[in-house]
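Below: the structure, in structure tokens.
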Amino acid sequence: MNQNKIRVRFAPSPTGPLHIGGVRTALYNYLFARNSGGKFILRIEDTDQTRFVPGAEEYIIESFKWCGIEFDEGVHIGGPFEPYRQSERKDIYKAYAEQLIASGNAYYAFDTPEELDALRLQYEAEKKTFVYNHEARKFLKNALVLSDAETKKLIESGAAYVIRFKNPEDEIIRMEDLIRGEVVVNTQVLDDKILFKSDGMPTYHLANVVDDHLMEISHVIRGEEWLPSMPLHILLYKAFGWEAPKFAHLPLLLKPDGKGKLSKRDGDRMGFPVFPLQWQDPKSGETSHGYREDGYFPDAFVNMLALLGWNPGDEREIFSLEELAKAFTIERVGKSGSRFDPEKAKWFNHQYLVKKEDAELAQLYIPFLIEKGISADLDYVTQVVKLVKERAHFVYEFWEQSDFFFRAPEVFDEQAVKKRWKQDSYDQIAELKELLSGIENFSSENTEEIVKKWLEEKGYGMGAVLNAFRLIIVGGLRGPHMFDIISLIGQEETLRRLEIGLHELGKKE
RNA sequence: GGUCGGUUCGUCUAGUCCGGUCAGGACGCCAGGUUUUCAUCCUGGUAACACGGGUUCAAAUCCCGUACCGACUACCA
Numbered sequence: 020m021n022q023n024k025i026r027v028r029f030a031p032s033p034t035g036p037l038h039i040g041g042v043r044t045a046l047y048n049y050l051f052a053r054n055s056g057g058k059f060i061l062r063i064e065d066t067d068q069t070r071f072v073p074g075a076e077e078y079i080i081e082s083f084k085w086c087g088i089e090f091d092e093g094v095h096i097g098g099p100f101e102p103y104r105q106s107e108r109k110d111i112y113k114a115y116a117e118q119l120i121a122s123g124n125a126y127y128a129f130d131t132p133e134e135l136d137a138l139r140l141q142y143e144a145e146k147k148t149f150v151y152n153h154e155a156r157k158f159l160k161n162a163l164v165l166s167d168a169e170t171k172k173l174i175e176s177g178a179a180y181v182i183r184f185k186n187p188e189d190e191i192i193r194m195e196d197l198i199r200g201e202v203v204v205n206t207q208v209l210d211d212k213i214l215f216k217s218d219g220m221p222t223y224h225l226a227n228v229v230d231d232h233l234m235e236i237s238h239v240i241r242g243e244e245w246l247p248s249m250p251l252h253i254l255l256y257k258a259f260g261w262e263a264p265k266f267a268h269l270p271l272l273l274k275p276d277g278k279g280k281l282s283k284r285d286g287d288r289m290g291f292p293v294f295p296l297q298w299q300d301p302k303s304g305e306t307s308h309g310y311r312e313d314g315y316f317p318d319a320f321v322n323m324l325a326l327l328g329w330n331p332g333d334e335r336e337i338f339s340l341e342e343l344a345k346a347f348t349i350e351r352v353g354k355s356g357s358r359f360d361p362e363k364a365k366w367f368n369h370q371y372l373v374k375k376e377d378a379e380l381a382q383l384y385i386p387f388l389i390e391k392g393i394s395a396d397l398d399y400v401t402q403v404v405k406l407v408k409e410r411a412h413f414v415y416e417f418w419e420q421s422d423f424f425f426r427a428p429e430v431f432d433e434q435a436v437k438k439r440w441k442q443d444s445y446d447q448i449a450e451l452k453e454l455l456s457g458i459e460n461f462s463s464e465n466t467e468e469i470v471k472k473w474l475e476e477k478g479y480g481m482g483a484v485l486n487a488f489r490l491i492i493v494g495g496l497r498g499p500h501m502f503d504i505i506s507l508i509g510q511e512e513t514l515r516r517l518e519i520g521l522h523e524l525g526k527k528e
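My numbering puts the first sequence at residues 20 to 528.
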């Protein structure tokens, strides 16, 4: 193995949509690779044929594309270590399993799943736990107990078998985790995990070790749920006589309330996405929300995710992907699980929304307008966006903040009428209409100056008049600066709305 | 049950390795200010070292124990 080359991989199983915890794991791998000038690889771990879900692999690839996370090698782009899909590498694992048998590190076992299940039940009844370990393997149906001739005969007769790892009986394993430091385990407590299944496929444990070695992976950065199997993996590298990669086990993403790791259910329950993209389950037809479809910007999403378990050590919070790559180090990844906070996710999106160009946001807004049956030119929409973007977390919220730029109010908010349409209002607004109709330069600044002067001369209350004015133009007590609004919709439209408003609201007695 | 991991404001976290500033920032929340409304924005406030021992002049920081939480414990990954 070339020791100087940093190579990391993300190795999902195509069993469904990618959970944001998985996205974060991939992100940290990506950032680590970019930070160190290394390579980032996408490998598909589809050794469980029974759990294959159509479309999952495509979903995973599309998710990263959306996030802006790019791979250097992988199932979708190829590379020097092809193939990158384990089902297509099927043939290579058997030989490695047999190599382990030859070296005395593994053995054939013929126990059927039913037999083992029965054993587990039996143990449970006695309040014990059945473990296929160095004790149990001495009295079960395997090559350690059977003679070589019997074993050979069984295999030749076509009996189903698995290959299990033969754990050392009593050995202290000291392991180094980049995030957690030293982890020590006695092999006594380990069980003889299956490496090779009776269906001819390797298990994760064998396949990931073989592939990581063959693909010259230098660092294995994965979720904390893999920490308990790190000893097995270390032992496997040792048994093969290979140098093990460095390991880093990332803390879990926890649910926003209560206990435990974040799950799909939490998203449904609390109304926030758990997946990067929308996903429709091919079997149940059930649809799950995605960040993309819910209006999040990919850069905001990635930024938010990166800060969940990692921090730069200073007080910066807004990072582009490039900035993240520059700042990221594995040392600054925390040890403890992070509770996901949907509120902060929204805040991040707002930050990115405000930072974006008005024209860019207008482009994104136009489809929403079209859906409302409104056609407006980009220039006008850009002006509108400029006025309302600070008030929104998402582009889809623009409509509720700016509908009145595109159409006259159809109804007047009842509460607002009650509060702001007083006895004097009709006459004052009628006067205001007169005033506005005479203005030649209808710019925001100019109308504001003229109206304020008029208010002062007349001794009218600014709040009273302008709120009544707003009520008529907007339909409610909301929206940006009044003079910005009328300047944008124009003099003609302003006067038209005043006419309608006066007629609708009438004179209050 | 067993093994491993974790524990600083409600949440994300800095500080812990190399003991010593009112334990800092952000989100949220609350209050005030700005404003013609709402939002933004500005200012301020709220609020934490899981617990118990020990070592020390001094512990969030080092040691031990306890509690709690989590992950894992499949011919799944």
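Ideal Cβ placement from N, Cα and C applies to all residues, glycine included.
Going along the chain, which residues of its own chain have a beta-carbon closer than 6 Å to the beta-carbon of G520, five neighbours each way excluded?
Hits under 6 Å: I491.
Would you say P428 and R516 are within 9 Å of each other, going by their C-beta atoms?
Cβ distance < 9 Å, so P428 and R516 count as in contact.
Check Y479 in the structure and name its three-state DSSP category.
Coil, per DSSP.
Would you tell me roughly how many angstroms separate the C-alpha atoms of T513 and K452, rounded to the nearest one?
Taking the straight line from one Cα to the other gives about 9 Å.
Using alpha carbons as the reference points, say which of E107, I253, K283, I120 lies closest to G35.
Comparing Cα positions, the closest option is K283.
Could you name the residues that DSSP lists as bridge partners for T306?
T306 is bridged to Q299.
What would DSSP say about R515, mapped onto helix, strand or coil?
Helix.
Between which two residues does the alpha helix (DSSP H) carrying R43 extend?
First-last of the alpha helix (DSSP H) with R43: 39-55.
Between the segment 265-276 and the segment 232-241, do at least 3 Cβ pairs fall closer than 8 Å?
A contact exists between the segment 265-276 and the segment 232-241.
Is the segment 417-436 touching the segment 497-512, taking contact as three or more C-beta pairs under 8 Å?
Touching, per the Cβ criterion.
Three-state secondary structure (DSSP) at H268?
DSSP places H268 in strand when its eight states are reduced to three.
Pull up the distance between the alpha-carbon of M234 and that of G98, whole angstroms please.
Taking the straight line joining both Cα atoms gives about 10 Å.
Please state whether DSSP places D110 in a helix, a strand or coil.
In the structure shown, D110 sits in a helix (DSSP, three-state: H, G or I).
Smallest Cα separation from D9: which of S248, I182, V208?
Nothing can be reported for residue 9, as the shown portion of the chain is limited to 20 through 528.
Quick check: the Cα distance between K172 and E188, rounded to an integer number of angstroms?
Roughly 28 Å between the two C-alpha positions.
State buried or exposed for P264, treating a residue as buried only when at least 16 other CB atoms are found within 10 Å of its CB.
It is buried - the Cβ of P264 has at least 16 other Cβ atoms within 10 Å.
Do three or more CB pairs link the segment 454-470 to the segment 397-409 at distances below 8 Å?
Result no; under three Cβ-Cβ pairs closer than 8 Å.
Which residues in the same chain have their Cβ closer than 8 Å to the Cβ of P73, if we skip the five residues on either side of it in sequence?
Counting only Cβ-Cβ distances below 8 Å, and skipping sequence neighbours, we find P301.
DSSP on V181, reduced to helix/strand/coil?
Correct three-state label for V181: strand.
Can you tell me whether DSSP reads P361 as helix, strand or coil?
The answer is helix: DSSP assigns P361 an H, G or I state.
From the DSSP secondary-structure annotation, give me the bridge partner or partners of N161.
Per DSSP, A128.
Given 8 Å as the limit, is there contact between the segment 56-68 and the segment 85-96, that is, 3 or more CB pairs closer than that?
Output reads yes: the segment 85-96 touches the segment 56-68.
Compare the C-alpha of I111 against each of I88, L225, S339, K160 and name the closest.
Considering only alpha carbons, the answer is L225.
When DSSP labels each residue in this structure, what does D196 get in the three-state scheme?
Residue state, collapsed to three classes: strand.
Going by CA-CA distance only, name the one from A114, S307, N205 that's closest to L214.
Here the closest residue by C-alpha is A114.
Which residues share a DSSP beta bridge with R241?
DSSP lists H268 as partners of R241.
Among the candidates S506, Y49, G482, W418, whose CA atom is the shortest distance from the CA of L455?
Ranking the options by Cα distance to L455, first place goes to S506.
According to the Cβ coordinates, are Y126 and N161 closer than 9 Å?
Yes.
In the structure shown, what three-state DSSP assignment does G497 receive?
Residue 497 is actually Arg in this sequence, not Gly. Here R497 sits in coil by DSSP.
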